[in-house]
Each structure stands twice: as structure tokens, then as C-alpha cells.
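K.L.:
Residue numbers (my numbering): 130 to 447. This is the structure I want to talk about, given as C-alpha cells.
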């Protein structure tokens with residue numbers, strides 16, 4: 130049986146992350162892809178349309194810079210309603226998509242904590258929409274209050290890198306800020322604490338087992354970055370190869386026809402973009418689950434203390 134509340138060391142935090150996906154990965158990603166499917170389908174249509182429009186503009190302009198700029202501006206001027214509608218749809222969908230993908234691992238572990246084993250789509254969506262406005266408040270608060278402070282701190286450490294001392298500082302600071310933010314998010318959603326209350330609680334949790342916590346985050350970030358970079362480079366070179374092959378195949382054509390947009394090429398570019406988006410969110414889910422292992426490990430001590438206090442109270446009342 131998978132246990133959330135238990136004290137973990139660095140290796141346990143990493144090992145339990147992969148154990149979680151071994152035990153629950155099928156159900157976890159099934160819901161993940163179902164919820165994201167509609168968004169990705171609509172995004173694919175928009176990306177395909179935009180790429181096709183740009184290919185058409187390049188073809189019609191004859192590769193002359195001024196003409197190309199004029200064609201693009203003219204296209205958007207003549208389609209303001211369509212452009213604004215697409216932008217608005219993209220913004221709303223991206224907001225919901227981002228909030229869901231970041232909250233989903235936290236909500237999944239919370240449901241697991243409550244004793245549930247297999248979750249269906251309705252249960253997850255119901256849990257998400259119950260905290261939707263809470264997520265918006267958290268995002269606004271973090272953007273206005275916390276992120277400016279963190280940005281200033283990172284800029285200072287970046288300049289300190291020029292005098293060497295900033296290099297080890299920034300290597301510690303990045304996973305520290307990342308862990309602090311995730312512990313804050315877990316405290317806010319899992320325990321139902323208020324905004325500043327959860328902020329304070331995350332500060333104490335981060336200090337509680339600092340080097341074990343930060344070491345876990347640092348190693349997990351390095352692993353995910355290496356895997357993601359390798360996959361991205363693979364797609365990058367495949368895309369270059371196909372593009373070169375396409376243009377060589379059309380090199381015998383003259384003028385704008387050599388840039389006649391191919392549905393196959395546009396479709397391939399669309400697939401690459403969507404694949405990178407999906408992979409980015411999958412890796413983010415893995416890291417957030419790992420942060421959940423850290424959170425429940427740190428909270429296990431508080432949970433045991435609460436049980437001890439309750440037992441003392443029970444004996445007192447006897």
C-alpha cells in the first residue's frame with residue numbers, strides 16, 4: 130500500500146516518486162490526457178491555421194521583406210474580429226489549462242490521502258472546479274506579492290555570479306525558491322490554509338529538513354531537464370531534416386511556388402509543437418508529484434505530533 134505520510138530521506142523522496150507512477154501512473158495519465166485532449170485538439174487547429182497563414186503570406190509576398198510585412202499587417206487588419214476571438218480563446222484556454230495541469234498532481238495526492246484509490250474523470254474535475262477561484266486568487270497573489278521579491282533576489286544572485294560567490298548561491302537558491310513555492314501551493318490547497326498562513330507554513334517546512342529537501346529538488350530538476358533536453362533536441366533535428374528535405378524537393382520550382390505550403394509539413398510542425406507542450410506538462414507533473422513526496426514527508430512529523438496531543442487529551446479526559 131502506498132503511504133503518503135511517512136518520513137523520507139533524499140533517496141526515499143526520489144524512489145517514492147517513481148513508485149507512485151508505477152502504482153497510479155495508468156490512472157493518473159489517463160485522466161490527464163482526457164482533460165487535456167479537447168484543449169490540445171483546439172490548439173492544434175489554431176497552430177495549423179497560423180502556420181498556414183504565415184506560409185501563404187510568405188508565398189504571396191515573394192520573400193520581399195517589406196511586402197511580407199505589408200501582407201501580414203493587411204491580413205490581420207482585415208480579420209480583426211477573428212484575430213481577437215482566437216487570442217481571447219487562447220488566453221482563456223491557456224489559463225484553465227495551466228491551472229489544471231499545475232493543480233492536478235496536488236489534487237490527485239489529496240484525493241489519495243482521503244483514502245480513494247481509483248479516480249474517475251468526474252471526481253477530478255469536480256475537485257478542480259471546487260478550488261478554481263481559489264487557484265485564481267493564489268495566482269494573482271503570487272504574481273503581485275511574491276514573484277517580484279523572488280525576481281529581485283535572482284537578479285542580485287545573477288550579478289554575484291561575476292564574483293564567483295554567486296554561482297553556488299544560485300545553485301542553492303533556484304531549487305530553494307522552487308521548493309518553497311510548491312510547499313506553499315501544497316499547503317494552500319491540501320490543508321485549506323489561507324494565503325499568508327500557507328506562505329508562512331511553507332517557510333517553516335522549507336527550513337525543517339533543508340538540505341535533504343533541496344537536494345531532492347535539485348536532483349529531480351536535473352534528471353527532468355536532461356530527459357526533456359534530449360527529446361527536444363531529437364525533435365529539433367528531425368524537424369530540420371524534414372524541412373531541408375522539403376525545400377530541396379521543391380528547389381526546382383521558381384518563385385513563390387517553391388514555398389507552396391505542404392499540409393504534411395504544416396501538420397508535422399503542429400505535431401512537434403503539441404508534443405513538446407505535452408512532454409513539458411508531463412515532466413512538470415512528475416516534478417510536482419516529487420514535491421508532494423517532500424511535502425507529505427515534512428508534514429508526517431506534524432501529523433504524529435497532532436496524534437500524540439490528541440492521545441494526551443483522551444487520557445486526560447478519562
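Even glycine gets a Cβ: it sits at the ideal position worked out from N, Cα and C.
#1: Can you tell which of 269, 233, 285 and 325 has the C-alpha that lies nearest to the C-alpha of residue 255?
#2: Which first and last residues belong to the alpha helix (DSSP H) in which residue 243 is found?
#3: Would you kindly work out how many angstroms separate the C-alpha atoms of residue 284 and residue 270, rounded to a whole number?
#4: Is residue 260 helix, strand or coil by DSSP?
#5: Any idea what DSSP makes of residue 133, helix, strand or coil?
#6: Between the beta-carbon of residue 149 and the beta-carbon of residue 131, is there less than 9 Å?
#7: My guess is that residue 121 and residue 313 are in contact by the Cβ rule of under 8 Å, so how many angstroms apart are they, rounded?
#8: Taking the alpha helix (DSSP H) that residue 329 falls in, what are its first and last residues?
#9: On the premise that residue 427 lies in contact with residue 300, defined as a C-beta separation below 8 Å, what is that separation, rounded to the nearest angstrom?
#10: Suppose you measure from the CA of residue 166 to the CA of residue 228; what does that come to, to the nearest Å?
#11: Which residue marks the beginning of the alpha helix (DSSP H) containing residue 284, and which one marks its end?
#12: Rank 401, 320 and 420 by C-alpha distance to the C-alpha of residue 345 and give the top, closest one.
#13: For residue 508 versus residue 411, is the C-beta spacing smaller than 9 Å?
#14: In angstroms, rounded to a whole number, what distance separates the CA positions of residue 262 and residue 221?
#15: One question on the structure: do residue 303 and residue 350 come within less than 9 Å of each other, judged by their Cβ atoms?
#16: Measuring alpha carbon to alpha carbon, tell me which residue in 239, 324, 348 and 238 is nearest residue 272.
#17: Quick check on residue 320: does DSSP put it in helix, strand or coil?
#18: Run through DSSP, which three-state label would residue 248 get?
#19: Throw me the rounded Cβ distance for the residue 103 and residue 213 pair, which I believe falls under 8 Å.
#20: Would you please state the rounded distance, in angstroms, between the beta carbons of residue 415 and residue 353? I believe it to be under 8 Å.
#21: Only counting the same chain, and skipping five residues up and downstream in sequence, which positions put a Cβ closer than 8 Å to that of residue 235?
#22: With DSSP as the reference, label residue 138 as helix, strand or coil.
#23: Taking DSSP as the reference, what is the three-state secondary structure of residue 343?
#24: Compare the C-alpha of residue 226 against each of 238, 251 and 265 and name the closest.
#25: Short of 6 Å in beta carbon distance, which residues of its chain neighbour residue 290, apart from the five on each side in sequence? Order them along the chain.
P.N.:
With the structure as the only source:
#1: Mapped onto the chain shown, residue 255 falls at position 126. For the residues 269, 233, 285 and 325, the minimum Cα distance to residue 255 belongs to 233.
#2: Against the chain shown, residue 243 aligns to sequence position 114. Careful: residue 243 lies outside any alpha helix (DSSP H) and carries neither H nor E.
#3: Counted from its first residue, the chain shown places residue 284 at position 155. Counted from its first residue, the chain shown places residue 270 at position 141. For residue 284 and residue 270, the distance between alpha carbons rounds to 21 Å.
#4: The residue given as residue 260 occupies position 131 in the chain shown. Residue state, collapsed to three classes: coil.
#5: To locate residue 133, count along the chain shown from 1; it is residue 4. In this structure, residue 133 counts as coil in the three-state DSSP scheme.
#6: Counted from its first residue, the chain shown places residue 149 at position 20. Counted from its first residue, the chain shown places residue 131 at position 2. Yes; because the gap between Cβ atoms is below 9 Å, this pair is in contact.
#7: The chain is shown from 130 up to 447; residue 121 falls before or after that span and cannot be answered.
#8: Within the chain shown, residue 329 is the residue found at index 200, counting from 1. Note, residue 329: alpha helix (DSSP H), 324-337.
#9: The residue you call residue 300 lines up with position 171 of the chain shown. The residue you call residue 427 lines up with position 298 of the chain shown. Cβ atoms of residue 300 and residue 427 stay farther apart than 8 Å, at about 22 Å.
#10: Counted from its first residue, the chain shown places residue 166 at position 37. Counted from its first residue, the chain shown places residue 228 at position 99. Cα to Cα, residue 166 sits roughly 15 Å from residue 228.
#11: The sequence position of residue 284 within the chain shown is 155, counting from 1. Annotation for residue 284: the continuous alpha helix (DSSP H) segment containing it runs 276-289.
#12: Here residue 345 is taken as the residue at index 216 of the chain shown, counted from 1. Per the Cα distances, 420.
#13: There is simply no residue 508 to check, as the chain begins at 130 and stops at 447 in what is shown.
#14: Translated into positions along the chain shown, residue 262 becomes position 133. Translated into positions along the chain shown, residue 221 becomes position 92. If you draw a straight line from the Cα of residue 262 to the Cα of residue 221, it comes to about 14 Å.
#15: Taking the chain shown and counting its residues from 1, the one referred to as residue 303 is at position 174. Taking the chain shown and counting its residues from 1, the one referred to as residue 350 is at position 221. Yes.
#16: Taking the chain shown and counting its residues from 1, one reaches residue 272 at position 143. Nearest of 239, 324, 348 and 238 to residue 272, Cα basis: 324.
#17: Along the chain shown, read from residue 1 onward, the residue named residue 320 stands at position 191. Three-state result, residue 320: coil.
#18: Walking along the chain shown from the start, residue 248 turns up at place 119. Coil.
#19: The requested residue 103 does not occur in the structure, where the chain is confined to residues 130 to 447.
#20: As a first step, residue 415 is located in the chain shown; it is residue number 286 there, counting from the start. As a first step, residue 353 is located in the chain shown; it is residue number 224 there, counting from the start. That belief holds up - the Cβ atoms of residue 415 and residue 353 are roughly 6 Å apart, short of 8 Å.
#21: Mapped onto the chain shown, residue 235 falls at position 106. Result list for residue 235: 314, 315, 318, 319, 417 and 421, in chain order.
#22: Translated into the one-based positions of the chain shown, residue 138 becomes position 9. When secondary structure is reduced to three states using DSSP, residue 138 falls in the coil class, being assigned neither helix nor strand.
#23: Here residue 343 corresponds to residue number 214 of the chain shown, with the count starting at 1. Reduced to three states, the DSSP call for residue 343 is helix.
#24: Counting from 1 along the chain shown, the entry for residue 226 is found at position 97. The option with the nearest alpha carbon to residue 226 is 265.
#25: In the chain shown, residue 290 corresponds to position 161, counting from 1. Answer for residue 290: 296, listed in chain order.
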